[in-house]
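As C-alpha cells, the structure follows; a few thoughts come after it.
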Amino acid sequence: MNNKKRSPLFHVAKRAALPWYKSWAIRGGAVLLALLACGLITTLVTGEDPIAVYVSMWEGSFGTSRRFWVLLQNIAMLLCVSLAVTPAFRMRCWNLGGEGQALIGCLAAAACMIRLSGKLPNALVIACMCVASILAGAVWAGIPALFKAKYNTNETLFTLMMNYVATQLVAYYCVVWENPKGSGQIGIINPNSQIGWFPVVGGQKYLLNILVVAVVCVLMHIYLNYSKHGYEIAVVGESERTARYVGIKVERVIVRTMLLSGALCGLAGLLLVGSTNHTLTPTLVEGRGFTAVMVAWLAKFNPVWMILTSLLLVFLSRGAGEIATNFGLNQSFGDILTGVILFFIIGSEFFINYQIKLTKGAGKED
Amino acid sequence: MDNKIAAVTMRNITKRFGPVLANDRVWLNIYRGEILALLGENGSGKTTLMNMLSGIYFPDEGEIAIDGRPVVIRSPKDAFDLGIGMIHQHFKLVDVLTAAENIVLGLEGKLDLKAASKRIREICGAYGFEVDPEQKIYDMSVSQKQTVEIVKVLYRGADILILDEPTAVLTPQETDKLFAVLRNMRDDGKAIVIITHKMHEVEALSDRVAILRHGQFIGDMPTKMTNAQEMTNMMVGHAVTLNIKRPDPVDPKPRIEVKDLTVRDIEGTVKLDRVSFTACSGEILGIAGISGSGQKELLESIAGLQPVESGSISYIGDDGRREELIGKDPLAIKELGVALSFVPEDRLGMGLVGNMDLGNNMMLRSYRSGRGLFTNRRDPYKLAHEMVDFLEISTPSVETPVRRLSGGNVQKVLVGREIANAPSVLLTAYAVRGLDINSSYLIYDTINAQKMRGVAVVYVGEDLDVLLELSDRILVLCGGRVSGIVPGRGAKKRDVGMMMTKLGGNAHEQ
C-alpha cells in the first residue's frame, strides 16, 4: 500500500472569542476589500472611474439635506419592520410575513382614512387608524401563529403565503376605492381636508416616523434583553424542551410573540400611509418585509446593531440607484455592487469565528 | 513485549481546539495481541487522540506510524485502509436496514448480500458474536447494535480496534459477553484499545493501561502491576478515596407515592405498566434497568412533563398534606409549593440552554421572581458565582455559554441549579454519565448531602456498582414494569442484573 500521501497544507480551526476591536477590524477590512473589488469590477466592466462612482453613491444618500432626510426616513421604516420580525426570529420562528403584515396595516389605515373621513373628527380618525392598523398586522401574524402552536404547521411557508393574500386584498381595494374613477389607483387620500394625515413634527415631514421608530428600537432592546417575556422568547428559541421543563407555556409564548411581531409590522404600515405616503398601493411596503430578514440576521437580532445594518442596506440601495441614473448604467449594475459588498461583509463573519492555520512539520520522515 | 514492533506509534501528537490544548505532545504505542485501556478524566483528550487515529481529526503536530512505517491519516477512509476501526459511543446505523445491509453499506464493488451474510457468520463464529445478518436494526437491543458496529469494522478488515466507552449502555451480563469476544479477538492477534471510566472493567479486561491527564501522556504500565487506586491517582493527579459514602437514612417518611402508573408514548406503546412504589424523605431510591425500560417516562411523569394514561402520583408534605401531581405541569407543581428538582438525562437539550451563559441558565428556575415585567439578573449571576466556587466548576467565567464547558462541568451547573432551590424531592437521571471520577464523586457527595437534608432522592443510574453502593433501596425496572424492589445494603449485583433482564429475576426458579 502506497502511503505517500501529503499532509494537508492548511486546516480551519475555531477561534476563541475575539475582543470586540479585533472583530470590528476584520469587518472594517472586509468593507475596504469589498470597495476595492467593486472598483475593479467597475473599471473592468464599464470603464468608468471607480472613485467617481463611489462619490456618486455617497451623493445619493448625503448629497443634499432632502436626500439625507429621505435616507433617514427609509432607514426608519426598514428598521421598524426589522424590529418587528426580531422577536419572532429570536424565538427561531421565521416570520417571513413582515411584508404582508405591514401591507395589511397600510390597508387598515387607508380604509379608516377613506371610510371615516367626514364622519368623525380628525383626531378620532387618526386614533381609529392606529388601532385598526396595529390590530390588522397582529391578526395577520396571529393566524399562522395559532396554526403553528396548535398543529405545528410550518410558519415560514404560512407567513409567506399570507403575503400574497395581503397583496391581492390591497390590489382589490385599490380598484374599489379608485380615485379618480377608471384610474385603478387610489391616489393621494383626502388631499384637501388632510383628514387622517399625521401632524408634521418640528417642521420636518419625516421626523415623526424617525422619532417613533427610535422609541420602538429602545423599547424593543429593553423588552428582549431585560423582560421576562424576552427571556422566555430566548429559551423557547433555543430549546422548546427546556422551556417546557421549566414550565414555560410554549404555545402561549409563540402566539404572543407573533402577535407582537405582527402588531409592529402593522405600525410600520400605519406610518407609511398616515405619515409618509397618504396613499395605498400594493407595492407600498417596497419589499421591506424581506429586506428586514437580512437586516435582522446581519445584526444577529440585536436591535441596536440593526440601526447600523439598516443604514448599510438603505445606503447601498440608494447608492445603486444613483449610479444607475448618473452613469447611464442600469439599476442591475448597482445591484451587482451591492451584492459584492454584502458578500464580503457576510463572508467576514467566517474569519471572525474561524482561523486558517498552516500545518506545521507535516510529512516529515525519519 | 519491548522487542515487538508496535502496531501503532503516535509520536508527539498535539491538537488544539481554539485556545484549548486537547492533546499536548502525546506519545502512545499500541501492540497487537494486547488490550490497551486508555484512561483519563473527562476532557483529558482520550477521544480526541483516538479520533485522530481514526481519521476524524487531523493532528496539528506529530506523527503516526503503523507497523513502524509513517503514515498520514486524513479521513476515516484512510484509517480503514490502514486497518483501523473505531466503534463510537453513538452508533451510526440505519434503523430500517438489516445488520448485513448496514455492514456492507458504503463498500465499493458488487452488492452481494448472500456472500456478505456468509462472511458475517464466519466472523461471528470465529469470535463468538451473536448476530443475525437478516435482522433489522430497529428490532435490536442496544448490545446487539453494538455487536453489529463491531462486526462492521471487522468485516472491513480492521485489525486495530478502538472502542469508546463500549460498556456504558450494557447490562453486566452483556458486558461479560462483550469482554469474552474482545479477549477472543486479542488472542487472534488484533490490537484493541478501549476507552472507559470504570476501574473494575480495566482490571478485568486490559493487559496494559495508558493514562492521559489534561491532554498529556502520564504513563503506561501492565495492568497486573497496578491497581485501581494507583490508576485513579495518576488520572486525577492527586490521591482520591474510592469509597462512596452511604449514611443511614434520616427519619424516612413517605414523600412520593406512585400507584399503578401507566404511560404510553405517542405511538401507543406501553412505556410504564402499573408501576407502584414509594420514595421516602431522607433516602436515596435507586432505579436500575436496561436503558429504555421506562426510567425516563417515570421521572418525567413525576416532574409533570409526561402525559399519563392512568394511575396516581401523590406528594406527601411534611405536614401530611397530599397533592396529586398528575395532570399538572411543572409550573403548577411549583405553585402547589412542591419543591421538586429534576436533573434530566438530556442536559443540554432539556435541563439547560447550551447557548446561554451560566447566569442565564441559573435564571431558568428563578426568572419569574423578578419585579414586574423584568427579570432579576443579579441574583442568578450571584448564584452562578457561588456554584462555580462550591462545585469547583471550571469555566472561563460565568458569562461563558454552557455548551463550551466539558460534560462534567455542564452537569455540575445543572445539579448546582437544581439543588439551589432547596428541593424536597430530587429526581436525577444518569447524573454521572460521561463524568470522570473526580466529578462523579463530587456529585455523589452532593446527592448524599441532599439526602441528609431530608430530601427524597430518586437516582436513576446505569452503573450497577454505584447503584449498589449509593442507594438505600433499589427499584429494578424491566420493560416498563417493576421487577422488584430490594434493599441497597446487601444486594447482589448478579441478582439485580437478572431482575433487569427478567421480571422478578431468578426468584421463581429457585
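So the protein lines, in turn, are chains A and B. All the letters of the first sequence, read from the start, carry residue numbers 2 to 367 under this note's numbering. All the letters of the second sequence, read from the start, carry residue numbers 3 to 512 under this note's numbering. Built from N, CA and C at the ideal position, the CB exists for glycine as well. Note that the coordinates shown come from a computational prediction; the quantities given were computed from them, not determined experimentally.
What residues of chain A sit near residue i, judged by a beta carbon separation below 8 Å?
{"i": "proline 346/B", "result": "Tyr246"}
{"i": "arginine 373/B", "result": "Result: empty, since nearest Cβ-Cβ is about 10 Å, beyond 8 Å."}
{"i": "phenylalanine 376/B", "result": "Tyr227, Ser228, Lys229"}
{"i": "glycine 111/B", "result": "In chain order: nothing, as chain A lies at least about 18 Å away."}
{"i": "lysine 336/B", "result": "Gly248"}
{"i": "methionine 365/B", "result": "Tyr232"}
Out of the options, point me to the one whose CA is closest to residue i's CA.
{"i": "tyrosine 224/A", "options": "Val176/A, Phe302/A, Met78/A, Thr292/A", "result": "Phe302/A"}
{"i": "glutamine 102/A", "options": "Leu359/A, Trp298/A, Gly288/A", "result": "Gly288/A"}
{"i": "aspartate 62/B", "options": "Thr43/A, Val56/A, Ala38/A, Phe11/A", "result": "Phe11/A"}
{"i": "cysteine 94/A", "options": "Ile42/A, Val177/A, Ala150/A, Cys39/A", "result": "Ala150/A"}
{"i": "glutamine 413/B", "options": "Leu207/B, Lys384/B, Met352/B", "result": "Met352/B"}
{"i": "alanine 128/A", "options": "Ala139/A, Val140/A, Met114/A, Trp141/A", "result": "Met114/A"}
{"i": "threonine 264/B", "options": "Arg483/B, Asn44/B, Met12/B", "result": "Arg483/B"}
{"i": "proline 256/B", "options": "Ser283/B, Thr377/B, Arg266/B", "result": "Ser283/B"}
{"i": "tyrosine 59/B", "options": "Asp69/B, Ile68/B, Arg76/B, Lys48/B", "result": "Arg76/B"}
{"i": "threonine 448/B", "options": "Thr173/B, Val417/B, Lys273/B, Arg435/B", "result": "Val417/B"}
{"i": "lysine 200/B", "options": "Leu214/B, Thr225/B, Ala193/B, Thr169/B", "result": "Thr169/B"}
{"i": "aspartate 97/B", "options": "Asp69/B, Gln146/B, Arg123/B, Met88/B", "result": "Gln146/B"}
{"i": "leucine 190/A", "options": "Cys107/A, Tyr246/A, Asn153/A", "result": "Per the sequence shown, residue 190/A should be read as isoleucine rather than leucine. Checking every option, the nearest Cα to that of isoleucine 190/A belongs to Cys107/A."}
{"i": "asparagine 96/A", "options": "Thr326/A, Gly138/A, Glu350/A, Arg242/A", "result": "Gly138/A"}
Sorted by chain position, which residues of the same chain lie with C-beta nearer than 6 Å to residue i's C-beta, five sequence neighbours on each side aside?
{"i": "phenylalanine 219/B", "result": "Val28, Trp29"}
{"i": "alanine 14/A", "result": "Gln356, Lys358"}
{"i": "alanine 110/A", "result": "Met130, Ser134, Leu271, Val274, Gly275"}
{"i": "lysine 330/B", "result": "Gly306"}
Report back the beta-carbon spacing between residue i and residue j to the nearest angstrom; my notes put them in contact at under 8 Å.
{"i": "leucine 444/B", "j": "leucine 393/B", "result": "6 Å"}
{"i": "glycine 290/A", "j": "glycine 98/A", "result": "7 Å"}
{"i": "serine 426/B", "j": "alanine 341/B", "result": "5 Å"}
{"i": "valine 54/A", "j": "phenylalanine 345/A", "result": "Actually they do not touch by this definition, with Cβ atoms about 17 Å apart."}
{"i": "valine 434/B", "j": "alanine 290/B", "result": "Rounded, the Cβ-Cβ distance is 14 Å, inconsistent with contact."}
{"i": "isoleucine 68/B", "j": "valine 10/B", "result": "6 Å"}
Once you ignore the five residues that flank residue i on each side, which residues in its own chain have a CB closer than 7 Å to its CB?
{"i": "valine 296/A", "result": "Leu79, Ser83, Met307, Thr310, Ser311, Leu314"}
{"i": "aspartate 336/A", "result": "Ala321"}
{"i": "leucine 23/B", "result": "Gly217"}
{"i": "alanine 8/B", "result": "Asn31, Ile32, Tyr33"}
{"i": "arginine 438/B", "result": "In the sequence under discussion, the amino acid at residue 438/B is aspartate, which differs from the arginine named in the question. Glu43, Asn44, His199, Gly410."}
{"i": "asparagine 186/B", "result": "Tyr129, Gly130"}
{"i": "proline 78/B", "result": "Ser56, Gly57, Ile58"}
{"i": "glutamine 297/B", "result": "Ile289, Gly291, Ala431, Val462, Leu479"}
Applying a beta-carbon distance threshold of less than 7 Å, which residues of chain B neighbour residue i?
{"i": "glutamate 252/A", "result": "What glutamate 252/A touches in chain B: nothing, since even the nearest Cβ is about 12 Å away."}
{"i": "lysine 15/A", "result": "Phe19, Gly20"}
{"i": "histidine 12/A", "result": "Phe60"}
Residue i touches chain A at which residues, Cβ-Cβ below 9 Å?
{"i": "tyrosine 369/B", "result": "Lys229, Tyr232, Glu233, Val236, Val247"}
{"i": "leucine 307/B", "result": "Arg242, Arg245, Tyr246"}
{"i": "methionine 358/B", "result": "Ala235, Val236, Glu239"}
{"i": "methionine 12/B", "result": "By Cβ distance, chain A contributes nothing, its closest Cβ being about 14 Å from methionine 12/B, past 9 Å."}
{"i": "glycine 351/B", "result": "Ser240, Arg242, Thr243"}
Give the interface partners of residue i over in chain A, defined as CB-CB distance under 7 Å, in chain order.
{"i": "valine 355/B", "result": "Val236, Glu239, Ser240, Thr243"}
{"i": "proline 251/B", "result": "None at all; the shortest Cβ gap to chain A is about 29 Å."}
{"i": "leucine 107/B", "result": "Correct list: empty, because the minimum Cβ distance to chain A is about 23 Å."}
Less than 8 Å between C-beta atoms, sequence neighbours within five positions excluded: which residues of the same chain meet that for residue i?
{"i": "leucine 287/B", "result": "Phe279, Ala281, Ala458, Val459, Val460, Tyr461, Ser473, Asp474, Arg475, Ile476, Leu477"}
{"i": "histidine 202/B", "result": "Ala230, Asp467"}
{"i": "lysine 365/A", "result": "Note that lysine 365/A has pLDDT 39, beneath the 50 cutoff, so the model's placement of it is unreliable and the number below is only indicative. Closer than 8 Å at the Cβ level, and outside the excluded window around lysine 365/A, lies no residue."}
{"i": "serine 293/B", "result": "Val144, Val171, Glu464"}
{"i": "proline 72/B", "result": "Glu65, Ile66"}
{"i": "alanine 212/B", "result": "Leu30, Leu38, Ala39, Leu40, Leu41, Phe219, Gly221, Asp222"}
{"i": "arginine 491/B", "result": "Arg248, Asp474"}
{"i": "histidine 510/B", "result": "Below a pLDDT of 50, predicted positions are generally treated as unreliable, and histidine 510/B, at 46, falls in that range; the measurement from the model is reported next regardless. There are no such residues."}
Per DSSP, which residues does residue i bridge with? Please list them.
{"i": "lysine 15/A", "result": "Tyr355/A"}
{"i": "phenylalanine 345/A", "result": "Paired residue(s): none; phenylalanine 345/A is not in a bridge."}
{"i": "cysteine 480/B", "result": "Arg483/B"}
{"i": "methionine 88/B", "result": "Ile164/B"}
{"i": "leucine 36/A", "result": "Answer by DSSP bridge pairing: none, since leucine 36/A is not bridged."}
{"i": "valine 211/B", "result": "Ala39/B, Met223/B"}
{"i": "cysteine 282/B", "result": "Pro256/B"}
{"i": "tyrosine 432/B", "result": "Partner(s): none; tyrosine 432/B has no beta bridge."}
Run through chain D and tell me which residues come within less than 9 Å of residue i, C-beta to C-beta.
{"i": "leucine 333/B", "result": "The chain labelled as chain D is not found among the protein chains of the depicted structure, namely A and B."}
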